[in-house]
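*Asks:*
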Amino acid sequence: MVSYTKPLSTQQMTTSAMKADKAGCRKFGPCGVGKEALYLNSFYLDRRYYVPFSSVIRVFKRVAMSKGGFTGKGMFATMPYLVVVYDNGKEKQCLFKREEHVDEMLDYIRERHPGIKLQSEAVEKKLALRAAEEAKKVRPVISKEAKAQVQELEKARTYLERRPALSNALSRSAKAKRVNERSNPAYRWTALAIVLLGAAASIYGVYALVTRAGSGIYFTLFGLAAVFLFAGANVLPTGRNNRRFIEQQWQDACDASARYIRSYPAFPLPARYAHPVTLTRMIRVIEDGRAEKAEEALEVVKADLRALNADVQVEQEEYEEVMAIKPMFLVEDYR
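Rendered as structure tokens:
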């Protein structure tokens, strides 16, 4: 029997082994993670291709920002991709509808296959360069108490990094809540009205084609285009795209974070801000001599985040840090 799941890499599995592995794979959006291979989508079909882990070099997320994303003014937000590098640098890019599915898949790969690199080569080089620059940086002499605080914050950061899904959920749900709060509700209902008109036009187009009443094909194409466009843009008010659901997602993420840090003695952050990047920025504040205690460092971090707005230009690494945690502070009004 011919298999409809095709290999991308030079290394391949037997058809029977691949089918068994694919049947038991953990699904994330259009892709999947098996014990032996990654299963990747084509433009039309989910899990159409596979790459054995022995061929995988690195897997990482790539996000394309469309005009209007995160501004609260645009209709379309980000387009998340999973990128798999295999063999001698070949790439397969997979488009996902939901960014959290990419994050969850990367977390699962990190847990099950810790040897696989989960950053792009460009990001890896930038981080290494930044680490070298930080090492050369002349920092002020800080007190023993401040050094002790840095050590405690580093321990807390390591603790959070053991469960990256929790901090990712905080960041992701805060972004969704922020976008929802700033989006004009009229966009959603206008989109719904256009979709209904599109559906009606499609039905009429089919009727016109059957009865040969004229330009039915144009009505059909217009209607289908409207339905697919707005349905795929995540604009329509649905069971998973409404304020109540989004706010519940944020609350659930905060509750999960609170449960996790409850067993840590005197965790230095409220559960709603428990993200490794927050702790990293607090450590940086203390090492730069801008604060001595964790509580003071957190207030400085808040002030720094408040000062970063659309008129301030920052480096890419700084932007990524800010985008990871600022929505959490915004939705909680920095309290």
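If you count the sequence shown from 1, you need to add 10 to reach the numbering used here. Backbone N, C-alpha and C fix where the C-beta goes; we use that ideal spot for every residue, glycine too.
1) Would DSSP call residue 48 helix, strand or coil?
2) Helix or strand or just coil, what does DSSP make of residue 329?
3) Can you check whether the CB of residue 56 is closer than 8 Å to the CB of residue 44?
4) By DSSP, does residue 89 sit in helix, in strand, or in coil?
5) Helix, strand or coil for residue 347 per DSSP?
6) So does the segment 34 to 52 actually touch the segment 118 to 131, counting three or more Cβ pairs closer than 8 Å?
7) Among 299, 63, 283, 190, which has the Cα closest to the Cα of residue 256?
8) Out of 302, 329, 340, state which residue places its alpha-carbon closest to the alpha-carbon of residue 157.
9) Identify every residue that forms a DSSP beta bridge with residue 42.
10) What number of angstroms, rounded off, separates the C-alpha of residue 128 from the C-alpha of residue 172?
11) Taking the Cβ atom as the reference point for each residue, do residue 69 and residue 94 lie within a distance shorter than 8 Å?
12) Between which two residues does the alpha helix (DSSP H) carrying residue 274 extend?
13) Is there contact between the segment 104 to 113 and the segment 153 to 168, where contact requires at least three CB pairs shorter than 8 Å?
14) Give the DSSP bridge partners of residue 101, in chain order.
15) Which one or two residues does DSSP pair with residue 74 in a beta bridge?
16) So residue 335 packs on residue 295, CB below 8 Å; how close in whole Å?
17) Tell me the rounded alpha-carbon separation between residue 340 and residue 123.
18) Beta strand (DSSP E) containing residue 60: first to last residue?
19) Short of 7 Å in beta carbon distance, which residues of its chain neighbour residue 290, apart from the five on each side in sequence? Order them along the chain.
20) According to DSSP, which residues form a beta bridge with residue 66?
21) So, at 6 Å on beta carbons, what are the nonlocal neighbours of residue 130 in its own chain, with the 5 sequence-adjacent residues on each side left out?
22) Could you check if residue 64 is buried or exposed, using at least 16 other CB atoms within 10 Å of its CB as the buried criterion?
23) Evaluate residue 184 with the Cβ neighbour count: other Cβ atoms within 10 Å of its Cβ, from every protein chain shown; 16 or more gives buried, anything less gives exposed.
24) Name the DSSP beta bridge partners of residue 17, please?
25) Between the alpha carbons of residue 126 and residue 96, how many angstroms are there, rounded?
26) With H, G and I counted as helix, E and B as strand and the rest as coil, what does DSSP make of residue 147?
27) Along the alpha helix (DSSP H) that carries residue 306, what are the first and last residues, could you check?
28) Quick one: what's got a C-beta closer than 7 Å to residue 268's C-beta in the same chain, skipping five residues either side?
29) Where does residue 319 land, buried or exposed, given buried means 16+ other C-beta within 10 angstroms?
30) Which term fits residue 60, buried or exposed, when burial requires 16 or more other beta carbons within 10 angstroms of its beta carbon?
31) Where does residue 135 fall in DSSP's three states?
*Replies:* Taking the geometry as given:
1) Strand, per DSSP.
2) It is helical.
3) Judged by beta-carbon spacing, residue 56 lies beyond the 8 Å limit of residue 44, meaning their Cβ atoms are not closer than that value.
4) Correct three-state label for residue 89: strand.
5) In the structure as shown, the chain begins at 11 and stops at 345. Residue 347 is therefore absent and cannot be evaluated.
6) Verdict: yes, contact present.
7) Minimum Cα distance to residue 256 is reached at 190.
8) From the listed residues 302, 329, 340, the smallest Cα separation to residue 157 is found for 302.
9) Residue 42 pairs with 37, 49.
10) Rounded to the nearest angstrom, the two C-alpha atoms are 15 Å apart.
11) Yes, Cβ-Cβ distance for residue 69 and residue 94 is below 8 Å.
12) Unbroken run through residue 274: none, as it is neither H nor E.
13) Between the segment 104 to 113 and the segment 153 to 168 there are fewer than three C-beta pairs closer than 8 Å, too few to call the two in contact.
14) Here residue 101 is bridged, per DSSP, to 95.
15) In the DSSP output, where bridge partners are listed per residue, residue 74 has 89.
16) Not a contact, Cβ separation roughly 14 Å.
17) Answer to the nearest angstrom: the Cα atoms are 35 Å apart.
18) In the DSSP annotation of this structure, the continuous segment of the beta strand (DSSP E) that includes residue 60 starts and ends at 59 to 62.
19) For residue 290, where only same-chain residues beyond five positions count, the Cβ hits under 7 Å are 167.
20) As computed with DSSP, residue 66 is found in a beta bridge with 96.
21) Correct list, in chain order: 70.
22) Taking every protein chain shown into account, the CB of residue 64 has fewer than 16 other CB atoms within 10 angstroms, so this residue is exposed.
23) In the assembly as shown, residue 184 is a buried residue. Its beta-carbon has 16 or more other beta-carbons within 10 Å.
24) Answer by DSSP bridge pairing, in chain order: 60.
25) Cα to Cα, residue 126 sits roughly 11 Å from residue 96.
26) Judged by DSSP in its simplified three-state form, residue 147 adopts coil rather than helix or strand.
27) Secondary structure note for residue 306: its alpha helix (DSSP H) is the uninterrupted segment 304 to 317.
28) Scanning its chain for C-beta atoms nearer than 7 Å, with the 5 sequence neighbours on each side dropped, one finds around residue 268 the residues 281, in chain order.
29) A residue is called buried when at least 16 other Cβ atoms come within 10 angstroms of its Cβ; residue 319 does not meet this threshold and is exposed.
30) Counting other Cβ atoms within 10 Å of its Cβ, residue 60 reaches 16 or more and is therefore classed as buried.
31) It is helical.
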